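Its first residue numbered 1273, the sequence shown is counted upward by one per residue in the working numbering.
Beneath this line is the structure, given in structure tokens, with notes to follow.
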Amino acid sequence: MFVEFDQNLILMTAGAFLIGWLLSSISSAMGAKHRAKKRDARDDRIRELEAELRIAKSESEKSSADSKSLEEKLKETTVGLERRDFVITDQQAKIEETKRDLRDSVLKTRELRAELAERATENVHAEAKIREVETELSVAQASTDMIATGVLDYSLAPEKEGVEESIDDEPGEVSSAVT
């Protein structure tokens, strides 16, 4: 069943196969160089566009991540600003209330100072009147004492019209006419 071939035939067939394979490899390598030179410019452009697309997608992803982080920061900043505005508004209200209280206190203080000055003036006038009354009382007391002791005698004084006061040269003797 097996056919016996001549050994030369087998070697020639194997050599022919090997030579064919070598020639086809060389032909294919040369053809590849020639094909590479004749490559279509549109294919290069497509490859460039695909590379640019990959770069643009990665940059887009980075930009969207940055955008999201910036949005979160913006929200946090907005919340912080609202809190700060609330605190500032509250402090301004307190300052206005304090200003009103201070204004009212200053007005009250001025009124109280004016009232104190008025009372002090009245007090000074009252003290002056009290001193006058005390002086008059002491003079009246002294004249009463002099009359009681007999030093002052109205019956010996010359009668003159109206009220007159005369002081003698002698100490302790005072004569006055009182109507």
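For each residue, glycine too, the CB sits at the ideal point set by N, CA and C.
Since the structure is predicted, the reported quantities are computational estimates derived from the model, not experimental observations.
In three-state terms, what does DSSP make of glycine 1303? helix
What did DSSP end up calling aspartate 1373 once you bin it into helix, strand or coil? helix
On the three-state DSSP scale, how would you describe phenylalanine 1358? helix
For leucine 1384 and valine 1396, what's the separation of their Cα atoms in angstroms? 18 angstroms
In angstroms with no decimal places, state the Cα-to-Cα distance between threonine 1393 and glutamate 1406. 20 angstroms
Go ahead and pull the three-state DSSP assignment for aspartate 1312. coil
In this structure, how does DSSP classify aspartate 1338 when only helix, strand and coil are distinguished? helix
CA-CA distance, isoleucine 1367 and glutamate 1343? 35 angstroms
Can you tell me whether aspartate 1417 is helix, strand or coil according to DSSP? helix
Taking the C-alpha atoms as reference points, what is the distance between threonine 1361 and arginine 1355? 10 angstroms
Three-state secondary structure assigned by DSSP to phenylalanine 1277: coil
Suppose you measure from the CA of arginine 1391 to the CA of aspartate 1373; what does that come to, to the nearest Å? 26 angstroms
Roughly how many angstroms separate the alpha carbons of lysine 1329 and valine 1351, rounded to a whole number? 33 angstroms
Helix or strand or just coil, what does DSSP make of glycine 1352? helix
Within-9 angstroms CB hit, leucine 1290 to chain B: Among the chains in the structure shown there is no chain B, since it carries only a single protein chain.
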